[in-house]
Amino acid sequence: MKKSIYIVLLLVFILSACDNGFEELNVDPTKPVQVDIKNKLSITQLYTSGSRYEVWRNMLIFNATMIQHLATTTSYWVGDKYLRNDGYASSQIDRDYENAIKTIEDMLLQVENEGQPAEMEAIVRILRVFVFHRLTDLYGDIPYSEAGQAVISDILTPKYDKQEDIYADMLNELEVSAAALGSGMSGFGSADLMFQGDQTKWKKFANSLMLRLALRMSNVDPAGAEQWAVKAINGGVMTSNADIAFIQMQTGPTALNQSAFGQVFLVDDVSLSTTLVDALSGDPRLPILAARRSDESTAIPDLQGFPNGLDLTMLAASTGEANEDNYAHPNRMLVTLDAPTVFQTYAEVELLLAEAALKGWGAGDVQQHYNAGVTAAMKMYEVLYGSAAAVADADIATFLANNPYDVANGMEQIATQHWIATFFNEYETYSNWRRTGYPVLVPVNYPGNVTNGTIPRRMTYSTSEQSNNTANYNAAIESQGPDVMTTRMWWDVN
Amino acid sequence: MKLLFLICLFSAHTIYAQTTVTGTITNAGDSMPLPGVNVIEKGTTNGVLTNIDGKYTITTTTSENAILQFSFLGFTSTEVVVNDQTVINLVLQEGSESLDEVVITALGIKKDTRALGYSITQVKGDEMSNVKTTNAINSLQGKIAGVNITTNATGAAGSSRVVIRGASSLSGNNQPLYVVDGIPIGNNNNGSAGEWGGSDGGDGISSINPDEVASISVLKGGAASALYGSRASGGVIIITTKTGKNQKGLGVEFSSSTTFDKVNTSLNGFQTEYGQGRFGLKPISGADATDIGLNAWGPRLDGTSVPQWDGVSRPYSYAGNNQESFYNTGVTFINTIALSSSTDKSSFRFAVSNLDNDDITPNVALNRKTFSLNAGTVIADKLTANVNVKYVSEEVNNRPQLSDAPGNANYMTQLLSPNVPVSSMNPGTNGDGSEQVVTSNVFITNPYWAANEFKKKDNKNRIISSFSLRYDLNDWLYASARAGIDHYNIRRTNILPYGTGFFPLGQIQENNISYTQIDADLIIGADKDITDKISVNALVGSNTNHVENENIGLFGSQFIVPTLADFGNTVNQSGSRGFGERKISSIYGSFEVSYDDYAYLTFTGRNDWFSTLSFPGKETPNDDFYSSLSGSLIVSELMELPEEINFFKLRAGYSNVAGGAQDPYQLGLTYQIVGQGHQGQPLGNIANTSVPNQNLVAFNKSEVEVGLVARFFDNRMSLDLAYYRNETTNDIVPVAASVFSGYGSALANIGIVENKGFEFLISGNPIVTDNFSWNTSFNGAYNTGTVIATNDTDGDIVIGQPRSLNIAVTQIVGEAYGTLFGTAYARDDSGAIIYDTSSGVPIAQQAAERKILGSGVPPLTLGFSNSFQYKDFTMSFLIDGKFGGQIFSGTNAFARGAGLHQDTNPNGGRENGLVVSGTDTSGSSFTTTVSQEDLEIYFAPASYYGIAEASVYDNDYIKFRQLSIGYGLPSKYLDKTFLSSVNISFIATNLFYLMTTAPNIDPEAGFNVGNAQGLEWFGVPPTRNYGLSLNIKF
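Protein chains in written order, with my numbering: chain A, 728 to 1221; chain B, 46 to 1079.
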């Protein structure tokens, strides 16, 4: 009798305690409920510098080969031959939105909630423009105003914004943000891996980016382009190689810290394109960018470019060679695991200024900017890669003397120098080439290519959008054109 | 309070003394002792089985009015009132009006099958132990209607997928709950391959030693399993291990089996007439051969000397089957020795088993040692205790890499050109200790490098233990308590060696994975005859279940000393810790009433509280109540039926089961610190990759089932039919989000899945003579699973995809569960494929949108088993098949691209070209001949990552699954020895295929056992297994 009472009491006790402590139990003890906004800025900058995933697939396999910086017979380097690979083509979307953009939107909310100073918000917004401009330049219309906000605004299927509208907003964002920046150290301090908290450099970067975007629309909206270019120049753009926007990578401890270039070239050994090597003829940068694959020789006669569009059978048929050993590949000092990743250089800015001047937008003397651009482009390798990559001033002078700015071919010369100076910032090379058409590239026509033997004009969206965001995806195609690599985007009217 | 009152009231009854009864049961037909007869004290769960000599001992737990029931399949059940008897010998008559069996139901409660309003299948342990496999659950494949077991291409130490009555959760766990000796055990899949590769980490059920299993009871439907609560939404498999009961003196049992595994290439139909090369040309040098790689687009093999990858010239002739050359003969030894003994009050059984397996892939090995102890004793008057301990020590070397090419030995071995011998790549190492890279694509690993240098090791130590106490308060009321623990620890090392082509500096990962599940029940039960005809059986109980996981990892990359693969020898080092904890608390009750032993009605109810649905500030409930109602009616006792019908029962049940979120911490947004910072700055961001949902509630699965059991012709034939329909609502699904939203998915309670189907089992003894008997059974199930709702916009949910990313197993509203949705041919209105003919070679065009190409889950499963006995010989075999599903085959897609596929060798040979007709892009039909050198361009769209439709096949098959031929030494030879029985058998599994529809691949070739079935991508090839088994008792 007594025993059964005990048992019943025990049961009652157990029942009353059914979900005691369950609420606390379901809070992950290994995870904080918030982190310092500084930690988020640092990681976003690393995300922006790119992981192996999308740098390999999109920037190198597609952009760099299409634009004839690189060339290879390696079968999965499909961009060399304009073959199809949906997963590679969408890789920039597939990584940027879940990493950089998601974190940026979260930072903007945190800035607001915590009442952080205006300059911190400005820095986040400039970084946001940087990430988005690269995406829209690759894909055209993309989700922008509603992107990365699944938690913040419950938007699981963001609409695609028109590139024209994105550009308008990005330029405005840059203007507002630049205005909010003061001088001295920002609240981010040295958590800012790009400029170590230097607000002046951020301001120059914002204006330089504004200049880049302004010129991007020079064909489709010349008036708007001029207006924004002038605004950028007046706001103050980069003035020396000390202003370069880049992130210094580290050899470790994880892949996140390492240069994506370093990771890719540790395994993939592809060549420099004939087009690039030929363009570097007589250029002191050639032995810095190139080395012979077989023995790493940088002697000029040893540096031969590799033609785009060849497979091994074609190579064997034309030269009897069985591999790319005799050709130049990227100099190993550019592809170390701790190499820097460059976002925008002073050299690029000077070349953009030269073009603005050429267009008569009151930006000074064309030749002066051109010379400054070429000089900065040659000298920046020392800044970025150390003294082994230094180009002597005398060599620069010789180069400029032998290759003076020629008014008759001004645009081609400026754009070609831009094309060289943005080596390994292939997103930018690809965009500027599409806008200017220079240098003139001869496309390849490999069997089975999906662009009818033309250089692709854009990358394609993630195929998952067809089922996960159907209505918005279809609307984007309706507006922009088919989701193929030959469709041109808003600013691409050259 | 009412309960307390009731218990107090009932406890007031007088308590009677116990009686111990012994006896021998013999067969009326041959006067031989009958082992395995169920002896049950009527109205209780107290029961024993007769031993090999037909003897039993049972201590009645109730009163002097105790009644013993004796039952055995195929014999008339008999009841005897004990009174004061201490010896009851009985002769059972064969073939009778009733073949009632006692089966183990939920919570381990033994019940007469007559009372069941739902379908339970119980099979004896020898279904697992006669023909043993390295994962014991695989032995049940094809044996139980409605239980779909998939053993995929994951190697001998791999996992199995078991799904009962169709998968009911769109993305959650669909495998059953395993309950071993009363306590649930973990069945986590500790690692699996995905589209980017990986290896199968093994599952929990594989720890069970088949020699120790006494019976397996499968609770298929919700009504059967409702008492187990939320974790039983995928059904329950109750495994009861052997005890020492009824063993007089010391019993010793020794069993041993040795089996061999040979790779089975009989399905491979690749062409062997054309060699390595491209566009009809041979390689011109070693370097050229390296660059041509896996392309068999060369000319017809002509025996000339042609350079290969290593610069060595070899005859341009068929080099033999590379799979047969690369894979070894696997061998498995399983030895078990068991000791058992019992007295009036106590019994024990102790067994030690050792399983040693060398898999077919070189250097892949499994060793599993199990130690198990079952002990029971009557501690005091009316108080019995049982203790159960199993310790499993498992070591697995080099779980095979599957799916994507890097590190996967299966990949290149399968795709080498016919003239290139894989043996030329042995040992895979250059002089400097780096990988001998065979093709210019370094991501395709040399198979010998993969097998010899990629090092993986798992050491798993597991203890499963339970303790139970039962106290009989009086002759009809008892209390029982049970607590159990399942704890394991896996030390895992995974080395990607220095010098690997695709990862030259190497890396190492060390993990310590621990898992603990603690489960405790407290039950008060009553079992009473209210009147002559009405009896009641009721219980109330409570349960707590607590699961904790932890994974501590060390990760190092870039070995400093190349030859030393050790964590301390790495440049970059990082560490991680994962942790998860969840609890479920429950109360439950069951009430069964029976009338005159022919009408039964059972009601159960249970309320579960889930920690995974709890969160500070949450307003929606974290618990749910659900119930079941089932009944049975023995029609043959109610009315006169034709005399051919010996027994006829109808049953029906309704049930509802609820379940919580599978994983903890899904309700709130959390952050994380990532890595070790950069330039001294810490890195942090949002941890969630899925949008958290603070309002998650329990999902529900309801089921209706009806069925019948009938026996005919003097019980020589029996029939069991079941029809069911179940529906999962509020399924917790990751709703697909646009990649642009920043998250992969969002959790929500909106999935709905319906399964309906029927199951049948026909069994019989068509021939029974003195010397010869034949038992046969045929079972089958047809299940259709349909996705009714996925999310608010009825969008698709992708649950898995292969490396080609051109097809995905997708949950699509209105379609079958696990639909294969992928890229397809563009076709004109008449269905003809549209080709771009502008370059001269017809290039198949891809349709703009993906299409439904099939379903990876076969709706129809059949099993046909037979056993024959002639004097001292036995023979049994099992044939099983699955029908109606499809599979996407990466092997076929790549073989087509590599010029190996039989499609690439048209009738008359490649020299005559391939005639292609279709529609061109302008809509005109055409017929053209593709020349030999253009064939690879023509086949390209249907290859590799191209149009998925080209490689989706119907996946029907019939396998000759099991064969056993045994001989039992006649007792006359044993009488004068210490031996009591000796059996020796030839055993074999997967000997041959009677039918398959997908070319070149094993029909069970998936690379993981998750929900995304129907994807094949370079798993371990199929094997034939055969050997000898010996069982000795003394």
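C-beta: ideal position from N, C-alpha, C; glycine also. Given the structure is predicted, the values throughout are model-derived calculations rather than measurements.
Check	Outcome
Per-residue DSSP class, three states only, for residue 523(B)	strand
Closer than 8 angstroms at the beta carbon, the chain A residues around residue 654(B)	745, 746, 749
Residues from the region 696 to 727 of chain B in contact with chain A, defined by Cβ distance under 8 angstroms	709, 710, 712, 713, 714, 715, 716, 717, 718, 719, 720, 721, 722, 723, 724, 725, 726, 727
Positions along the region 1059 to 1093 of chain A whose CB lies within less than 7 angstroms of some CB in chain B	none
Cross-chain neighbours of residue 657(B) in chain A, by beta carbon under 7 angstroms	753
Endpoints, alpha helix (DSSP H) assigned at residue 1014(A)	1013 to 1016
Three or more C-beta pairs below 8 angstroms linking the region 477 to 485 of chain B and the region 432 to 445 of chain B	no
Alpha helix (DSSP H) runs contained entirely in the region 258 to 322 of chain B, provided each spans 4 or more residues	267 to 270
Reduced DSSP category for residue 1076(A) - H, G, I as helix; E, B as strand; rest coil	helix
Coarse secondary structure for residue 1141(A), derived from DSSP in three states	helix
Range covered by the alpha helix (DSSP H) that runs through residue 1001(A)	1001 to 1006
Buried or exposed by the 16-neighbour rule on C-beta atoms within 10 Å, applied to residue 1018(B)	exposed
Interface residues of chain A facing residue 850(B) [CB-CB closer than 9 angstroms]	813, 814, 1190
Meets three-Cβ-pair contact criterion under 8 angstroms: the region 752 to 771 of chain A and the region 811 to 831 of chain A	yes
Residue 222(B) beta carbon less than 9 angstroms from that of residue 277(B)	yes
C-beta neighbour in chain B for residue 1214(A), strict 9 angstroms	no
At least 3 beta-carbon pairs within less than 8 angstroms: the region 194 to 205 of chain B vs the region 428 to 438 of chain B	no
Buried versus exposed, by CB contacts within 10 Å (16 or more), residue 659(B)	buried
Residue 1049(A) in three-state terms, based on DSSP	coil
Chain A contact for residue 407(B) (CB, 9 angstroms cutoff)	no
Test item: CB-CB of residue 123(B) and residue 67(B) under 9 angstroms	no
From 450(B), 515(B), 472(B), residue whose alpha carbon lies closest to that of residue 486(B)	450(B)
Sufficient close CB pairs (3 or more, under 8 angstroms) joining the region 976 to 994 of chain A to the region 1062 to 1079 of chain A	yes
Residues of the region 777 to 789 of chain B whose Cβ lies closer than 8 angstroms to any Cβ of chain A, in chain order	780, 781, 782, 783, 784, 785, 786, 787, 788, 789
Selected residue, minimal CA-CA separation from residue 630(B), among 685(B), 617(B), 563(B)	563(B)
C-alpha gap between residue 1176(A) and residue 200(B), whole angstroms	40 angstroms
Stretch pair the region 685 to 699 of chain B + the region 605 to 618 of chain B: three plus CB contacts closer than 8 angstroms	no
Residue 794(A) in three-state terms, based on DSSP	coil
When 539(B), 240(B), 911(B), 741(B) are compared against residue 934(B), the one with the closest alpha-carbon	240(B)
Proximity test, Cβ basis, 9 angstroms: residue 661(B) and chain A	yes
Segment limits, alpha helix (DSSP H) that includes residue 217(B)	Premise fails: residue 217(B) is in no alpha helix (DSSP H) and is neither H nor E.
Outcome for residue 1021(A) when other beta-carbon atoms lying within 10 angstroms are tallied against a minimum of 16	exposed
Residue 799(A) to residue 999(A) span [Cα, whole Å]	8 angstroms
Stretch pair the region 1200 to 1219 of chain A + the region 1168 to 1185 of chain A: three plus CB contacts closer than 8 angstroms	yes
Under 7 angstroms (Cβ pairs) to chain B, residues found in the region 814 to 830 of chain A	814, 820, 821, 824, 825, 828, 829, 830
Cut-off 7 angstroms between Cβ atoms - residues of its own chain near residue 915(B), not counting five sequence neighbours on either side	816, 817
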